[in-house]
Every structure is written in structure tokens, then in C-alpha cells.
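Since the structure comes first, as C-alpha cells, the remarks are kept for the end.
Protein chains in written order, with this note's numbering: chain A, 252 to 528; chain B, 101 to 460; chain C, 2 to 317.
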């Protein structure tokens, strides 16, 4: 049938486009892997050689031994877990207030939330550090997850959009029935936005996992270091142990990729309901 | 006792009133940090414990001093020289065992090595003055220029101007667009054009010797002091690290004992003996001698130059001066200004900055 | 604004009288406040002080290492005559005005492709997201390799079709376009949001259109794109804020120098240099607040025009 062949051609063209672009997008990760497996002599070839002549798999176990990998892993998991829990508890609450509770503060507070995202972190990082210093939290990992329990502007914005898209009848029905606002929130609204919550969780996980600046400034005890800090141990005075560093990088990034892939179906459905429409 | 590496972190912890007791600081920054009063004056401790400044190379010791006071203990150093590709020299009909001794010779030899391919782009490059460590500072010193004189900063010293003009000469003669497309910005990626085997001469540091050992290039190469302008002596400049005690550190005595050790004879020796020390040179001539670094002919080139090495001026606006010099170098070789005028502008800018700082 | 419209209609189910009582309003104010309390506390504890301090710093010669002195509008005045400052504004605006629309076009385009029912959708979608997870060093090297004027793939293919390849990152006129090209790698995150927007369009609209005989192009123009405008709007705002703060990639590429010829000196790069290298945190704070004003103006402009082209749709 003519239609079916036309469809097949369209599919083929689409696949071709996606493959070409896809490879292009995949290339930095491929470079990571390629460098991690290179023997010394091929490391500095320019133009770069993609497939090493010998695959130095040994770089991987060596990289794990180079710094306390599993300790840092445990620390990173702790911080990431707490931070994610924090945003999941706080941001939906706030977003609900901004989106569905009719009070005078909702518009100004929303404006303020947006505004807070417009100032570059370089000038606020020192005063923020001083705040934590006064609270006696420098040298611990607390600054890396405690603020999450008090909200994060990007997620608040996102979740607000989501709440705006839900049918109004739901909460009106709840209010008429005399249910408390919190019940409306927890029993009706929240269960409807599981996908959006998953989205927030994923973004926060990626954020905490790959955070370098935060752990750098606040952690001083090596026993508390995170994986990203571990990467810096491969730097030498005038260069780096490139292969092991890249191997380490691959191992650190892999869990995130797998997580993303596994979740992306629900993830996409999640932003759908954000009612950004 | 706490110890910190990494300036961002160091800055934040000092700002937060939480300074570590000991920090490792790039020597280049000692001037500006000391000027802000953020480092402990080590002079009394140095005098009390009889530290002899002649144990260190003059350049590395001076760089750790500001306004005649000691603010840091030098640790580790580096130097620059000219690497040359013997294979390419042979191909161009030059004697591979006679590397250039003056800039004039360098210019002539480089000219013979430059070769264009069929598409008009360079296949072989003789010499690009600003590649790798060939910054304007380096070239200015090779031309007998200077950056400070009697307490004043002199970026526009007449010899400096000549050096920049010479660099611009290369840009004009060999077409800057073509040169740039060859050298490209390689940032901090650890890739070095010299290893491609397509560069005849390049100025680089002693640490490259480590990478060359790893990379096992396919061509023969050698290293020699950088050729100076006619009538001047070969020279080099060095940088390196140091150990400091931030102001407000709680355990000053302990901190001092620590850095006395690390930056002193024993510590330096121990560090230099570590297995992957490779071709690093230390800040103390005696240690270098003890480890017989002289017997490595390549390293010897760098070592011989260390006693007369230059160093970047120790001033609160040191970093600004450096960045201005690079900015102006960039503009000049891209044909966006005359060297003399640009360097005069640099002088005005840094003098302005200095004036702001000295205001009571 | 849309928010108010929605809130207004939600009252429709209530008896007129009850809605207007001050008792109801007070109750809602209390609830609104309580629910937002964590964030309000968060702002007070973690954002208020830094915000106020950074404005304060901008009026001093604070250097992080010493408290500096009050200079009033000194920093701002100095910025006005700082050549690099103006260059960085030019560079950043140039980059923002081109890369943001480009990213939207490419993002939407790829999202449309990724939305078709083909096998391996999951894999493709993951692929496009990957560059966001890779460290700057890797991205830098790949692009240096691709855009190398002599043997890079891009110029290679250009020459195959008879166009002489430009010098890309080595030339001041081509360096920003190179960076704009490189910004396309960040498109994965935006694509995820576009995909959501696409999937939210009710199939009935398309079915109805088909019945009317519309082809793919018409469907795209009259259904898909208009209904995607709210998502595009979101990404436009976030994209603009992000582009104006572009820092990591040009910094890694040029080692902080912005070469060639300062063409890659971006605003936040210069800000960072002033703050942490020159120890002029006061000066940098002034820069930050000027940036804030510029971004605010741009954002307000976008918000103001939203009524003209953004189509919100109720979920019912």
C-alpha cells in the first residue's frame, strides 16, 4: 500500500536523523570512555585517536583504588538522598500555596522566587558561606542538604505550573465538603502529581550527585568527601592522571545515565501534567 | 591543624573567619594576598629559626617576599626553555645538533621549517612565538626587557615593546589567521602541539619532560635555553608554589613547624624522592644537587638557568598586570593596535589599580 | 495574569456570599502563608542575608580578604569606563540573542522527531540528554576536535561541499558563533520539557483536523505549535536567564582569557575574574547587580509579550 511505504520512508528518515544527531550527542561520553582505556603513548595524540590500540581495562580498578571510592560513594548517596527528600517535602507545599490558595502573598512571593534565580551565584556564595559559618555548619555536609528542606526556586516554579494545570473542581469539591486545606493537599492534589514529583526528584539527584563547588567549600574532612571531589585527586601539579580520571568519571556518571533511562518514560509524562499549558 | 588546597575554598574559608592553619598558595599570588593583609608575616620566624635565604634560588625566594618581608616559604619551582624538533630540522637542511643561539638564528631556522600544504594551510610550523609558554612576559625577558624598576611597574619598557613588535612581526609575516588555525586554543586539555611532530621550535616548561616520556613521540627532539635577542644573555623565568599561614590561623607555631619542614631541606628532599617526581625541580639548589638532577642532560638545561631566573613582579596588581599583558598580546598579534600604544595603556591601567589600593 | 484568571474561576463553585467574607479571606491568607512557610523561612535564612550583603558589597571595595571601605557608587562609575565590562556585555547579549532562539528551534524540532512512534525512543531520548551529564573538559576537547580549522570534521564536510571552512575558535569573528553551536548540546534538558508539552496535546484535535483533510504541515502550524507555546515560553525564560550567565564552557576553553581578542569574554567570566582572581569582590558584586537588572528587563519584556503569542488552555 502506498501509505505504508510512505510511512516506512518517514520512519527511516527519522531514524537516520536521530542516529546522526544521537551519535553526535553521544561523542563526549564516548571520548570519556576512549580516554579511560588509552595507553600512555596514545593519550596526547592530536587529532585524537578514538579506538585505543590496547584496551587498558586496568585503569578502572586502579581508579577505584586511587581514592576512597566507596566512602565517597556513601557520602554522596547520603547527601543526595537527604537533599532529594528535602525538596520533595518542601517544594510541593510551597507550589500549592502559590498556585491554588487564594491569598494576597501568592503573586509577590512568586515574583520573588523568580527574581532569586537571576543573581549569579558567584556573589552570593561568600555571604551564604558566612551564614553557615554563623550556624556552625561549616565542615559538615549540612549546608549541602538542609536548604533543600526549605524549598528551591526552580522546583517551586515547575511544580506551581503543574498545580495550575489541575482541574479546579477538585479543590472546590474538597472545600465545600469542609475538608481542611491540608487534607485537600495531601489526599487530592499530591497523589495526582506523582510524575512531576518524580521529575523534581530526578533533577535534584543529578544536581546533588554532580555538585562540585558545594562539597569543595563546605567539606574539610576527607572522610566526608563526595565522588566529585574524588575526581580532583587525579590532578597533579602540572597535569592529571587522565586515564584514571576519565575512568572514574565514567563510573560516576553511569548510574545517573541508567537512572535517567529507566525513569524517562514516567519523567516525560511528569512534565506533561505540569500544566505549563 | 587544617590544611587547604584550592584558592576558591581558601578564599571562602578566610572570608568566613575560618582560615586553615596552613595553605598552599601559588607563589604568584603572594603579592596580592600579602597586600591585603591576609598572610602572616613570617620574617620574625625566619630570623628566629635561622632560615637562610641563600638555600633557595634567588627568584623563588624573592617571589615569596613582599615589601621586604617574608610571607611564604617557597616550594617547588619550574622553568622554561626551547624545545626543538631534530627530525624537522634535518628535513629543512639544518644541523639538528646546533639549535639556535640567538633570536636572529631562530627566525632564520624557523623560516626554513615553515611549510604550507596544498590547501594553503600550514603543514609544518617553524615557530609561533606565543604558543605554550611563549607568553609576552617570556619574550619580553628574552629581549632584555623588564616589568618592574625601582618600585614602579614597567610593562612598557622599550625592550618589552621591541619584543611585542617582534611577535607581531611573526603574525604579519606568516598570516595570523593561518597560524591561529594551526595552533588553536587548547586550553587546559593537556594537549600539546609539539607532540604532533609538526612544530620546529616551541617554548615550554620542564614539566613537559614528564609528558614527553609518556607520549614517546615519533621524532627526535632536544631542549636548549631560549635564544635571547642579539647581545643579551639567555634567561628563563620561574613560578611555583609556596606554603603560607593565613592571618587568623589558630595554631601558628605548629603551622610554622610544618611549613618549615615541608619547604625546608628535608621536606623538599623527601618530596623530590617520590616515585612519580619525574622531571620536577625543587626550589633548593642543594636538594637538586643531592639528587644529581644535573646528570639528566635535559633537566640540566633548566637547572643551569635557575640561578639567574626571572620572576613575575610581586605586587598587589600582579594578576591584573599579567591579564592585561595577555589581553594586549592578543590584540597586537591580531592587528588591533600598535605595541607601544597598547603597552602604554597597560601601564596606565595597572598604575590606576595600584593607586586605588594605596589610598588610605 | 493567568494565575488570577484561574483563581477567579475556581470560586465559581462557591456561594457568592461565602467567598466574600473576610473570615474566608483570612483563613485563606493563613493557609497560604503556612503552606509557603518553609520557603519564606528559607528565603529569610539563606537568601535574605546574601542578597542584602551583595548589594552592600557593591558599594564597597570588599576583597574577601579584607573588609574594604565604603566607596559609594564608585564601583558602578568605574564599571562605566571599564572597556572589558562593555565588551563582556556585548559578547553576552550577542550570545543570548542568537543561542536562545536557536536552541528553541532545534529543541522543538528534535522533540517533534522524538515524538514520532518509532522504536528505540527511550534510547534516543537518553542520548540527547547525555551531554548535560558530561564534564566540561570532555565537551571542550570534542568541540576543539570537531571545530579544528585544519582537520576538524565540520570543516572537512564543509570543504566536501565546496565551502571553505572558517577558522572557528581561532578567529574573533567566529568564536562566538562556535560557542553558539556548542550551546546546542545543552538542548537535551529542554527537549524533555517539549516532549511533555507535545504529549499533552489531545489526540482528538489531530483526529478532527484529519477529518477536515489537514496534512502534516497544517497540523503542525495550527495545532502543535500554538499548543506548545506555553512550554516554549517557560524555556525562553529559563534559557535567557541561563544564557546571560554563561560561564563554564568559555572559561574552560580559553583558560579564563576570553581569547581570541577578548571575543569570548563573557559577563560572568569577567565577574568571576574580578571576584576571585583580582580580589575585587565589591566590584564583582556591582557587576552582579547590573546583570540582574538587565536580566530582569529582558524577563519582564518576555512576560509582557506573552499575551500576544502564548496560548494557555484549560485542562477541561
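Even for Gly, the Cβ is constructed at its ideal location relative to N, Cα and C. Computed from a predicted structure; not experimentally measured.
Which bits of chain A does residue i rub up against, with CB to CB less than 9 Å?
i              : result
residue 289(C) : 370, 371, 373, 374, 375
residue 347(B) : Within chain A, no residue comes near residue 347(B); the closest Cβ sits about 17 Å away, beyond 9 Å.
residue 269(C) : 371, 373
When you compare each of the options to residue i by their alpha carbons, which one comes out closest?
i              : options                        : result
residue 433(B) : 99(C), 269(C), 299(C), 262(C)  : 262(C)
residue 507(A) : 134(C), 61(C), 82(C)           : 134(C)
residue 300(B) : 248(B), 185(B), 121(B)         : 185(B)
residue 181(B) : 187(B), 137(B), 409(B)         : 409(B)
residue 423(B) : 235(B), 404(B), 175(B)         : 235(B)
residue 419(B) : 450(B), 436(B), 394(B), 404(B) : 450(B)
residue 454(B) : 252(B), 356(B), 319(B)         : 252(B)
residue 505(A) : 487(A), 364(A), 430(A), 461(A) : 461(A)
residue 309(B) : 379(B), 365(B), 366(B)         : 379(B)
residue 383(B) : 155(B), 146(B), 377(B)         : 155(B)
residue 421(A) : 331(A), 351(A), 470(A)         : 351(A)
Mapping DSSP to helix, strand and coil, what is residue i?
i              : result
residue 408(A) : helix
residue 73(C)  : coil
residue 451(B) : helix
residue 180(B) : strand
residue 487(A) : strand
residue 440(B) : helix
residue 215(C) : coil
residue 53(C)  : helix
residue 46(B)  : No statement about residue 46(B) is possible, as the shown extent of chain B runs from 101 to 460 and does not include it.
residue 247(C) : coil
residue 260(B) : helix
residue 56(B)  : Shown here, chain B extends from 101 to 460; a query on residue 56(B) therefore has no answer.
residue 61(C)  : strand
residue 263(A) : helix
residue 223(B) : strand
residue 285(B) : Unreliable placement is indicated for residue 285(B), whose pLDDT of 45 sits below 50; the coordinate value is still reported in the next sentence. Reduced to three states, the DSSP call for residue 285(B) is coil.
residue 108(B) : helix
residue 138(C) : helix
residue 173(B) : strand
residue 41(C)  : helix
residue 123(C) : helix
residue 477(A) : coil
residue 409(B) : coil
At a CB-CB cut-off below 7 Å, which residues of chain C make contact with residue i?
i              : result
residue 378(A) : 50, 51, 54, 55
residue 345(A) : 36, 37, 39, 40
residue 419(B) : 278, 279
residue 511(A) : 127, 130
Residues of chain A with a CB under 8 Å from the CB of residue i: which are they?
i              : result
residue 115(B) : 377, 380, 381
residue 310(C) : Within chain A, no residue comes near residue 310(C); the closest Cβ sits about 14 Å away, beyond 8 Å.
residue 272(B) : Neighbours of residue 272(B) on chain A: none; closest Cβ ~27 Å, over 8 Å.
residue 108(B) : 464, 467, 468
residue 285(C) : 373, 374
Which bits of chain A does residue i rub up against, with CB to CB less than 7 Å?
i              : result
residue 139(C) : 279, 282, 283
Given that residue i touches chain B, what residues does it touch there, using C-beta distances under 8 Å?
i              : result
residue 263(C) : 427, 430, 431
residue 389(A) : 113, 116, 118
residue 64(C)  : 136
Mind pulling the chain C residues with CB within less than 8 Å of residue i?
i              : result
residue 277(B) : 168, 171, 172
residue 434(B) : 173, 261, 262
residue 221(B) : 150, 151
Under 7 Å Cβ-Cβ, which residues of chain B neighbour residue i?
i              : result
residue 384(A) : 116, 117, 118
Does residue i come within less than 9 Å of chain F when only Cβ atoms are used?
i              : result
residue 363(B) : Protein chains A, B and C are contained in the structure displayed, whereas chain F is not.
Is there contact here, the segment 283 to 303 of chain A with the segment 318 to 325 of chain A, by at least three beta-carbon pairs under 8 Å? no
Taking one C-beta from the segment 172 to 185 of chain C and one from the segment 101 to 115 of chain C each time, how about it: are there three or more such pairs within less than 8 Å? yes
List in chain order: all unbroken alpha helix (DSSP H) runs of 4+ residues lying wholly within the segment 360 to 432 of chain A. 372 to 385, 404 to 415, 420 to 427
Report the residue ranges of all alpha helix (DSSP H) runs contained in full by the segment 141 to 220 of chain C; include only those spanning at least 4 residues, in chain order. 154 to 161, 176 to 184, 188 to 200, 204 to 212, 217 to 220
Segment contact flag, the segment 244 to 263 of chain C with the segment 208 to 221 of chain C, C-beta cutoff 8 Å, min 3 pairs: no
Are at least three pairs of beta-carbons, each pair with one atom in the segment 394 to 402 of chain A and one in the segment 130 to 138 of chain B, less than 8 Å apart? no
At which residue ranges does the segment 288 to 337 of chain A contain complete alpha helix (DSSP H) runs of 4 or more residues, listed in the order of the chain? 291 to 294, 310 to 317
Using 8 Å as the threshold, is the segment 22 to 36 of chain C in touch with the segment 342 to 359 of chain A, meaning 3 or more CB pairs across them? yes
Can you confirm whether the segment 243 to 250 of chain B touches the segment 126 to 144 of chain C when touching is taken to mean that 3 or more C-beta pairs between the two stretches lie within less than 8 Å? no
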